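Remarks on the structure that follows.
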Amino acid sequence: MLSLFIKEVNAFFSNLSAYLITAVFLVSLGLIVWVFPGTSVLDYGYADLEPLFSYTPFVFIFLLPAITMRMVAEEKKSGTWELLKTSPLKNYQIVLAKYLAALVLLFFSLIPTLVYYFSIVQLGDTIGNIDSARFFGAYIGLFLVGALFAAVGLFSSSITSNQIVSFVLAVFLSFLLYGGVGALATLSSGDQALWLQGLGADFHYEQMGRGVIVSENIYYFIGMILTFLVCSWVMINIDE
Amino acid sequence: MSIEINHLSKSFGEQKVLNDISFQASPGQVLGFLGPNGAGKSTTMKIITGYLQADAGEALVNGISVKKHPIAVSKLIGYLPEHNPLYDEMYISEFLSFIGGLYQMKKKHRLERVEMVMDQCGLTDERRKRIGNLSKGYRQRVGLAKSLVHDPEIIILDEPTTGLDPNQLVEIRQLIKAISQDKTLVLSTHIMQEVEILCDKVVIIKKGKVVAQDALQNLKAKAGKSIVLLETEESLETEWIDGLSYSSVEIKQPGQMAFTCKDPKKLRAEIIELVQSRGLNLVSIRQEEKNLESVFQSLTQN
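So the protein lines, in turn, are chains A and R. Here the numbering used here runs 10 ahead of the position in the first sequence, where the first position is 1. Here the numbering used here runs 2 ahead of the position in the second sequence, where the first position is 1.
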């Protein structure tokens with residue numbers, strides 16, 4: 011399993027398009043946080059990274075499907091899937107190795123944005139005037155949203171041998187989870203609305219962004235991630 | 003290590019690809035698995051390796067059911083699929099080491115084996131190349147090396163020589179011959195020369211059914227007969243040919259007979275004598291060799 015995990019990470023970094031994806035991700039975030047007049051932290055007046063945390067999930071909706079779309083679909087298309095399936099790896103190990111690789115890649119594309127935190131620390135009136143608890147709560151939330159999208163992306167990749175289909179489906183499902191069901195909730199009222207709202211990732215993410223990590227939010231993300239991983243595993247099994 | 007296939011059946015949708023197939027490969031044997039395109043060779047191999055599930059019947063590898071213990075079986079088998087899937091972006095040694103990792107080999111042992119199989123398959127000089135940059139022959143070698151890395155007892159090669167140039171063909175065959183010394187090997191192909199060079203036993207399938215299953219020598223003995231074709235202007239009577247040294251005869255037209263015999267030279271002399279004594283007008287007398295290829299053709303053609 012370790013072998014497959016390392017191969018997945020290597021495959022990503024030995025591929026030019028991977029660097030392109032990460033670069034586009036970081037450039038667009040940089041522009042949103044520091045340059046665009048409407049969203050720039052410099053015009054905002056407060057020493058926090060609100061724009062980073064409110065826009066990144068939407069960038070993730072495209073970034074993570076781009077990372078995960080090839081993970082299973084390409085193997086099926088090129089026939090290397092047969093190579094994996096006839097090796098002593100169990101199906102759940104294949105899913106896990108690929109998912110963990112996606113998490114590592116997510117982690118690496120998120121790391122550079124830590125620079126923003128230190129920039130704000132330095133830019134604050136009286137240096138270091140920043141709500142760190144809130145910042146790191148939101149950061150963990152951001153990682154979990156990314157992790158959820160990675161699971162969604164892996165699932166989308168495991169049901170097709172076409173990367174484009176996988177990408178489009180993953181974007182759609184991620185968008186549905188982040189924003190989609192929340193918007194549906196506004197159409198209904200009462201318990202139903204609450205229930206629908208609670209199904210959306212944005213609801214839990216925003217709660218974490220307040221700097222309070224409540225276990226139910228964590229459970230939500232872990233539960234959803236496991237659901238999508240199990241679905242991927244089921245799809246791989248059915249495939250036989 | 004043996005392979006035992008018992009009454010396998012498999013359908014893809016409406017189409018029945020395998021229909022009650024049974025055969026065995028004994029330890030140390032090289033089994034040639036023949037059949038025209040679409041006969042079900044690859045499907046059978048995919049079932050043995052656990053990639054596909056049979057609808058009915060079972061495949062046993064060394065007595066272990068593939069269906070019940072796919073992981074245990076996969077460790078015993080080295081498999082080269084038909085289209086030889088490889089990761090183009092990887093380097094040869096990196097790829098082989100990755101495969102070793104999949105088979106849970108310890109790092110030190112793995113690196114030793116990688117060196118060994120690269121040497122065995124003549125890849126050492128190319129080790130710094132990416133797989134995507136290799137020629138077809140070298141890709142095939144990498145595929146073979148891949149199936150050898152974890153030192154399996156059983157090797158399954160699905161059309162390992164398709165699409166190679168004549169020189170590569172000879173090299174790959176030599177390589178397979180060398181590998182097969184101490185392993186059980188199943189090899190699918192539709193090149194008869196290859197079978198004659200490499201195989202001990204032959205299974206021929208057609209449209210998902212086994213049509214012949216025999217040791218190569220027996221099949222060759224069956225095939226090793228000559229056919230003498232006699233054509234005259236007059237009709238030939240069957241009583242005229244009594245006492246000639248043939249094993250069977252087929253009357254194609256009134257003036258045409260095809261004799262199957264072991265000693266064509268003697269038969270030819272007898273026929274000429276017959277033609278002279280009866281005063282027949284001879285049109286032609288020809289001799290054809292029946293080889294493995296014609297056995298294959300006669301068994302697999304409609």
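Glycine residues also receive a C-beta, built at the ideal position from the N, C-alpha and C atoms. Being a predicted model, the structure only gives us computed values, none of them experimental.
Item	Value
Among A:L154, A:L236, A:E226 and A:M11, the one whose alpha carbon lies nearest that of A:N101	A:M11
Nearest to A:A211 (by Cα), restricted to the options A:Y188, A:F23 and A:I174	A:Y188
Rounded straight-line distance, which links the Cα of R:K12 to that of R:K209	12 Å
Cβ-based burial, R:K108 [other Cβ within 10 Å; buried from 16]	exposed
Close Cβ partners of A:F165 (< 6 Å) along its chain, the five nearest in sequence each way excluded	F238, C241 and S242
Partner residues on chain A for R:T234, Cβ-Cβ distance less than 7 Å	Result: empty, since nearest Cβ-Cβ is about 58 Å, beyond 7 Å.
Near-chain A residues of the region 133-144 of chain R - C-beta to any C-beta below 9 Å	none
Coarse secondary structure for A:A76, derived from DSSP in three states	helix
Contacts around R:Q170, its chain only, beta-carbon distance under 7 Å, and the 5 residues preceding and following it disregarded	G139
Three CB pairs or more closer than 8 Å across the region 122-131 of chain R and the region 57-65 of chain R	no
Burial state of R:S76 (16 or more Cβ within 10 Å)	buried
Test: R:I73 CB closer than 7 Å to a CB of chain A	yes
Cβ contact (3+ pairs, closer than 8 Å) linking the region 176-191 of chain R and the region 24-44 of chain R	yes
Cβ-Cβ separation, A:P61 to A:T49 (assumed contact under 8 Å), whole Å	4 Å
As assigned by DSSP and simplified to three states, the class of A:E85	helix
R:H192 at chain A interface by Cβ criterion, 7 Å	no
CB of R:L82 within 7 Å of CB of R:G37, strictly	no
Inter-residue Cα distance where the pair is A:S119 and A:T66	11 Å
Alpha-carbon to alpha-carbon, R:K224 and R:K267	19 Å
Min CB distance A:L115 to chain R below 7 Å	no
Bounding residues of the beta strand (DSSP E) (the contiguous stretch that carries R:V188)	T186 to T191
heavy atom of the ligand MN below 6 Å from A:A148 C-beta	In the structure shown, the ligand MN is absent, as is every other ligand, since no ligand is present at all.
Reduced DSSP category for A:S50 - H, G, I as helix; E, B as strand; rest coil	coil
Chain-ordered residues of the region 74-105 of chain A with a beta carbon less than 9 Å from chain R	E85, S88, G89, T90, W91, E92, L93, L94, K95, T96, S97, P98, L99 and K100
Cβ contact (3+ pairs, closer than 8 Å) linking the region 143-160 of chain A and the region 39-54 of chain A	no
For R:K254, the nearest candidate out of R:F14, R:E239, R:Q303 and R:A217 (CA to CA)	R:E239
Rounded distance between the beta-carbons of R:Q289 and R:S228, thought under 8 Å	6 Å
Under 9 Å (Cβ pairs) to chain A, residues found in the region 244-258 of chain R	none
Selected residue, minimal CA-CA separation from R:S247, among R:K264, R:T46, R:T163 and R:I207	R:K264
Neighbourhood of A:L179 by C-beta distance below 7 Å, restricted to the same chain and skipping five residues each side	S166
Proximity below 7 Å, CB of R:G257 to CB of R:S286	no
Buried or exposed by the 16-neighbour rule on C-beta atoms within 10 Å, applied to R:N39	exposed
Interfacial residues, the region 33-46 of chain R to chain A, with Cβ spacing under 8 Å	none
Within chain R, the residues that A:L14 reaches when beta carbons sit closer than 7 Å	L104
Under 7 Å between C-beta atoms of A:S13 and R:G59	no
Test: R:E60 CB closer than 7 Å to a CB of chain A	no
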